[in-house]
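Colleague: Pasting in a structure now, in structure tokens, and then I'll have a few things to ask.
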Amino acid sequence: MERFLSFAKKELLHILRDKRTMLLLLGMPIAQIVLFGFAISTEVGNTKVAILDLARDEASRRIERDLDASRYFEVVAHLEDAAEVEPLFRRGKASLVVVFQDGFRESLLRDGSAEIQLIADATDPNTATVFLQYATSVATAYARENQPPAAAPVGIVPQVRLLYNPQLKGAYNFVPGVLGMMMLLVCAMMTSISIVRERETGTMEVLLVSPVRPIFVILAKMAPYFLLSCVNLATVLLVSVFVLDVPVAGSLPALVLVSFVYILLALALGLLISTIAATQVAAMLVSGMAFMLPVILLSGMMFPVESMPAALQWISNAIPARWYIAAVKDVMIKGLGFQAVAKELAILSGMTVFFVAVALKNFKTRLE
Amino acid sequence: MPALDVRDLDRSFGSTKALEGVSFSVEDGELFGLIGPDGAGKTTLFRILSTLLLADRGTAAVDGFDVVRDARKIRERVGYMPGRFSLYQDLTVEENLEFFANVFGTTVARNRHLVDDIYRHIEPFRKRKAGALSGGMKQKLALSCALIHKPSVLFLDEPTTGVDPVSRKEFWNILANLRSQRITIVVSTPYMDEAILCDRVALMDDGRVLRIDTPDGIVEGFPGPLWIARARNMHALLSGLRDDPDVESAFAFGDAHHVKPRPDAKDPAGLARRLEERGHQEVVVAPARPGIEDCFIEMLGRKVSA
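Chains as they are written, first to last, in the numbering used here: chain C, 1 to 368; chain V, 1001 to 1306.
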């Protein structure tokens, strides 16, 4: 035990001495989550809206106020004429123009229906679709409030409810993804690099010619990175709860447990890489290319697994991050508990055992 | 029981034969030198002895333990200092020593007396990072780390390569001290002048042991006399020497040329006279006592012509 502690202390010193890397390791998760949470977002915020109000009545003004009050829109201009619409778009002054026809309120009261024209700059079709949806929902909300009950039209009106993420926040999708990616990066890459570095600098040669069992060397290497990953897990969760407003809806212990298993898995992967890679650069490339790309592309972080071709779906089964991200989504977003992630937990545990076994089998107690 | 017993070791890397039929034994408490140029197989031999590599053929035992079967037992009782500086550059002198003590299940406090002689030199820098030490200090720290667990056999792979002459001398004084504590030491070096400081040396080349003897024994085994020659133009002198009928071989050696005369050659004065007649100026030829390097070169020459 004493040996183990002094080993772990030595590893911790390596990390602490390398200030730049440590800053990177602790800062990266925050940077990633903020980047994905704010900058790279599919959400629409403060879309510039121009109003062409030909009705100028109470109803049109009310809808305009509602739009302006919502945090997705900002009314920037009032137009007098339809001819002003296109120059406005050309200059990029607004992305959406809302047109109220003359006699808007009367027609609403008389016929129970009225038309609003939404003209959108669809240069970016995804964004345009999203803010059109928002604008429609603002108008519909008004219509629902003000419709005389007697005049309710006969017909089917779809009432769409978006469960778990009613505001369609991108962060709900990215937080689990960033967690899945970051753990792998910190644990797999750093463990593998630190083991390979000992081989490169020749210190492994001295360690091998000592009574220390290799398993201790390995465990001691993993311990500090496990700690570091726990710190990262805590920061990411804190940032997502308090800055991105993504709550941990489900069981926190379940989330922590599944994260611990995933961290162990990433550490085992790092160990496995270290038994294959001959140089630090190779270790970095292997963990970067062979593990990061599949995580980003195939884990469901960017693209839903369900919409992938069958072959890729099949491959994605072998990617640990896929199961982790699914479990985190279940717990954090859907608010589920242990039972819901039992399958993912089992799969991740199985993978961990497998990787550890292969890595230990490959780990050489001699130089070759 | 010898501290080290090596029999018929063979080891190849691909088509390169790193070791070929290497056999020798080292007595308890002996300071044994492995002398030979780069690529002679010294490092491979150390790695096999310290259980880091497996031999293709042959056996080796350290303190009576087989290097394959009893690898763990050997790892508890040897100290190994690889050729490359193998300490943690980002840890301080103190931290390195403490770490290696702990790895071997002891503490610096408990075994401080073992390394005191050496550690004294570097203690003033104990808070300095190992990477910031000079070459000589690094080697002293590495030796301290290899000694802190009281090994019974110490393997030192080229400990003085790249170290300044003063530190080299200090280092060998330390080794002499260790020998008086009955620690068996096997040390390799490419420097011939260090060979005479060993109890016995093995001359190695190209994976083979050419000869094992005491330094004196090796020098005495030098066949025939040895002359040294100097002249104003040393470069021209070397080819002049090689053209002379009395000279079997000649090579540059420091500030003089070493000349091995033919068995039927008469005296240095005759050679000097002939050289002056051929236009060499200020020629001096005198008999000299051969050094280990002369023996080594002579042996290599014999091997090539054989």
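All residues carry an ideal CB built from backbone N, CA and C; glycine is no exception. Predicted, not measured: the structure shown is a model, and the values here were computed from it.
For a test of the three-state rule: what should DSSP assign to Tyr324 (chain C), helix, strand or coil?
Modeller: Helix.
Colleague: Tell me Ala1204 (chain V)'s beta-bridge partners as DSSP assigns them.
Modeller: The question names Ala, but residue 1204 (chain V) is Met in the sequence shown. DSSP output for Met1204 (chain V) lists V:Val1209 as bridge partner(s).
Colleague: Alpha carbon to alpha carbon, what distance is there between Thr191 (chain C) and Met204 (chain C)?
Modeller: Taking the straight line from one Cα to the other gives about 14 Å.
Colleague: From Asp1010 (chain V) to Asp1056 (chain V), what does the alpha carbon distance come to, in whole angstroms?
Modeller: In a straight line, the C-alpha of Asp1010 (chain V) is about 5 Å away from that of Asp1056 (chain V).
Colleague: Would you mind working out which of C:Asp111, C:Arg110, C:Met302, C:Gln133 sits nearest Ala120 (chain C), comparing C-alpha positions?
Modeller: The residue with the shortest Cα to Cα distance from Ala120 (chain C) is C:Gln133.
Colleague: Please determine, among C:Asp245, C:Ala234, C:Leu265, the residue with the shortest C-alpha to C-alpha distance to Pro253 (chain C).
Modeller: Measuring from the Cα of Pro253 (chain C), the nearest candidate turns out to be C:Ala234.
Colleague: With DSSP as the reference, label Lys9 (chain C) as helix, strand or coil.
Modeller: Three-state result, Lys9 (chain C): helix.
Colleague: I need the boundaries of the alpha helix (DSSP H) containing Gly1136 (chain V), first residue and last residue.
Modeller: Run containing Gly1136 (chain V): 1135-1147, per the alpha helix (DSSP H) assignment.
Colleague: Nearest to Val175 (chain C) by alpha carbon, out of C:Leu52, C:Arg56, C:Gly300?
Modeller: For Val175 (chain C), the nearest C-alpha among the options comes from C:Gly300.
Colleague: Does Ser6 (chain C) come within less than 9 Å of chain V when only Cβ atoms are used?
Modeller: Chain V, which has a Cβ nearer than 9 Å to the Cβ of Ser6 (chain C), makes this yes.
Colleague: In three-state DSSP terms, what is Gly1217 (chain V)?
Modeller: If DSSP states are grouped into helix, strand and coil, Gly1217 (chain V) belongs with the helices.
Colleague: Just the C-alpha distance for Cys1198 (chain V) and Val1068 (chain V), rounded to the nearest angstrom, thanks.
Modeller: Computed Cα separation, rounded: 28 Å.
Colleague: Write down the C-beta distance between Asn232 (chain C) and Met182 (chain C) rounded to the nearest angstrom, noting that I regard them as a contact closer than 8 Å.
Modeller: Asn232 (chain C) to Met182 (chain C), Cβ: 6 Å. Contact.
Colleague: So, for Val99 (chain C): in the same chain, excluding its five sequence neighbours on each side, which residues have a beta-carbon less than 6 Å away from its beta-carbon?
Modeller: If we look at Val99 (chain C) and ignore the five residues flanking it on each side, its Cβ neighbours are Leu52, Gln117.
Colleague: If you run the structure through DSSP and keep just helix, strand and coil, what is Ala1231 (chain V)?
Modeller: In the structure shown, Ala1231 (chain V) sits in coil (DSSP, three-state: anything other than H, G, I, E or B).
Colleague: How would you list, in chain order, the residues of chain V whose beta-carbon sits under 8 Å from the beta-carbon of Arg3 (chain C)?
Modeller: Under the 8 Å cutoff, chain V gives Asn1102, Val1103, Gly1105.
Colleague: Taking 6 Å as the limit between beta carbons, can you name the residues of its chain near Asp1157 (chain V), skipping five residues before and five after?
Modeller: Thr1043, Phe1046, Pro1082, Gly1083, Ser1188, listed in sequence order.
Colleague: Taking the alpha-carbon positions, what's the Gly1029 (chain V) to Arg1179 (chain V) distance?
Modeller: Near 6 Å, if we compare the C-alpha coordinates of Arg1179 (chain V) and Gly1029 (chain V).
Colleague: Kindly give me the distance between the Cβ atoms of Gly1207 (chain V) and Ala1018 (chain V), rounded to whole angstroms, as I take these residues to be in contact under 8 Å.
Modeller: Between Ala1018 (chain V) and Gly1207 (chain V) the Cβ distance is about 5 Å, and since that is below 8 Å, they are a contact.
Colleague: Evaluate contact between the segment 55-75 of chain C and the segment 259-272 of chain C, counting only Cβ atoms and requiring at least three cross-stretch pairs below 8 Å.
Modeller: Cβ pair count under 8 Å is below three, so no.
Colleague: At which residues does the beta strand (DSSP E) containing Leu1031 (chain V) begin and terminate?
Modeller: 1031-1035 is the extent of the beta strand (DSSP E) around Leu1031 (chain V).
Colleague: Taking C-beta to C-beta, are Val1259 (chain V) and Val1219 (chain V) nearer than 9 Å?
Modeller: It is not a contact, given that the beta carbons lie outside the stated cut-off.
Colleague: Consult DSSP for Val154 (chain C) and reduce its assignment to one of helix, strand or coil.
Modeller: A caution first: Val154 (chain C) carries a pLDDT of 46, below 50, which makes its placement in the model unreliable, though a value can still be read off. In this structure, Val154 (chain C) counts as coil in the three-state DSSP scheme.
Colleague: Using the rule of at least 16 other Cβ atoms within 10 Å of the residue's Cβ for burial, across every protein chain shown, is Leu136 (chain C) buried or exposed?
Modeller: According to the sequence displayed, residue 136 (chain C) carries Thr and not Leu. Exposed: under 16 other Cβ atoms inside 10 Å.
Colleague: Please say whether Leu345 (chain C) and Ala321 (chain C) have beta carbons closer to each other than 9 Å?
Modeller: Contact: no.
Colleague: Just how far apart, CA to CA, sit Val154 (chain C) and Gly112 (chain C)?
Modeller: Residue confidence is low: Val154 (chain C) scores 46 on pLDDT, short of 50, so the model does not pin down where it sits. No coordinate-derived value is stated.
Colleague: Just the chain C side, please: which residues come within less than 8 Å of Arg1072 (chain V) by C-beta, in chain order?
Modeller: Within chain C, the residues near Arg1072 (chain V) are Pro211.
Colleague: Going along chain V, which residues have a C-beta under 7 Å from Phe17 (chain C)?
Modeller: The displayed chain sequence assigns Arg, not Phe, to residue 17 (chain C). Asp1090, listed in chain order.
Colleague: To which residues does DSSP link Gln1181 (chain V) through a beta bridge?
Modeller: The partner list for Gln1181 (chain V) (beta bridge, DSSP) is empty, contrary to what the question assumes.
Colleague: Could you tell me the distance, in whole angstroms, from the CA atom of Arg213 (chain C) to the CA atom of Tyr225 (chain C)?
Modeller: Whole-angstrom Cα-Cα distance: 20 Å.
Colleague: Along the chain, which unbroken stretches of the alpha helix (DSSP H) at least 4 residues long are found entirely within the segment 1045-1112 of chain V?
Modeller: Taking only runs of at least 4 residues, the alpha helix (DSSP H) segments lying wholly in the segment 1045-1112 of chain V are 1071-1077, 1093-1103.
Colleague: Please name the residues in the segment 1020-1053 of chain V whose beta-carbon is closer than 8 Å to at least one beta-carbon of chain C, in chain order.
Modeller: Flagged, chain order: Arg1047, Ser1050, Thr1051, Leu1052, Leu1053.
Colleague: Going by the DSSP bridge assignment, what does Pro1287 (chain V) pair with across the sheet?
Modeller: Partner(s): V:Trp1227.
Colleague: Ignore the nearest five residues each way along the sequence and tell me which others in Asn1177 (chain V)'s own chain have a CB closer than 8 Å to its CB.
Modeller: Excluding sequence neighbours, Asn1177 (chain V) sits near Asp1117.
Colleague: What is the rounded straight-line gap between the Cα of Val243 (chain C) and the Cα of Cys230 (chain C)?
Modeller: So the two alpha carbons sit approximately 19 Å from each other.
Colleague: Kindly indicate if chain V contains any beta-carbon less than 9 Å away from that of Thr127 (chain C).
Modeller: No, its Cβ sits nowhere closer than 9 Å to a Cβ of chain V.
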